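In what follows, a single structure is set out as structure tokens and then discussed.
Residue numbers (full-length UniProt numbering): 1 to 133.
Encoded structure:
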């Protein structure tokens, strides 16, 4: 099984004070037990590092990056072809507050043949992706 990890889930895993932390840890533990192949995009890593830096500080952001580099999570770089696909998805959205990074995740999800996305964001369910929530 393949699972794409999204920023909200990564932040919940990192921060014990996050409202979704307990739930995220249960889901991630299950993914590990099932030997799920987990991956993230470079955009999600950048977004998550930025959010952690803003919420908790730069030292914590660097600690998060170190943790990610030590675990078995493949990083997928959003190349030009995936970016074009992400822009196509983004431009087709009508809802206010649409995230380009979420659209890029959809493009990568489809490209990688992922089975699920570990996220609590309802956007992915609306796009027909199986989520962890």
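Backbone N, C-alpha and C define an ideal beta-carbon position, used for all residues, glycine too.
Here the structure is a predicted model, which is why all the values come from computation and not from measurement.
Report buried or exposed for residue i, applying the criterion of at least 16 other Cβ atoms within 10 angstroms of its Cβ.
i: residue 79; result: exposed
i: residue 43; result: buried
i: residue 19; result: exposed
i: residue 26; result: exposed
Taking 8 Å as the threshold (C-beta atoms), are residue j and residue i in contact?
i: residue 108; j: residue 41; result: yes
i: residue 5; j: residue 118; result: yes
i: residue 24; j: residue 9; result: yes
i: residue 14; j: residue 64; result: yes
i: residue 141; j: residue 52; result: There is no way to answer for residue 141, as the model of the chain reaches only from 1 to 133.
i: residue 74; j: residue 39; result: yes
Residues in its own chain within less than 7 Å of residue i by CB, not counting five upstream and five downstream?
i: residue 125; result: 131
i: residue 77; result: 42
Please report the distance separating the alpha-carbon of residue i from that of residue j.
i: residue 82; j: residue 104; result: 7 Å
i: residue 111; j: residue 59; result: 34 Å
i: residue 106; j: residue 61; result: 25 Å
Looking only at its own chain, which residues have a Cβ that is under 6 Å from the Cβ of residue i, when we skip the five neighbours before and after it?
i: residue 97; result: none
Please give the ranges of any alpha helix (DSSP H) in the UniProt domain "PIN" (4 to 124), keeping only runs that are unbroken, at least 4 residues long and fully inside the region.
Entirely contained in the UniProt domain "PIN" (4 to 124), the alpha helix (DSSP H) runs reaching 4 residues are, in chain order, 7 to 14, 21 to 33, 42 to 56, 58 to 70, 80 to 91 and 100 to 112.
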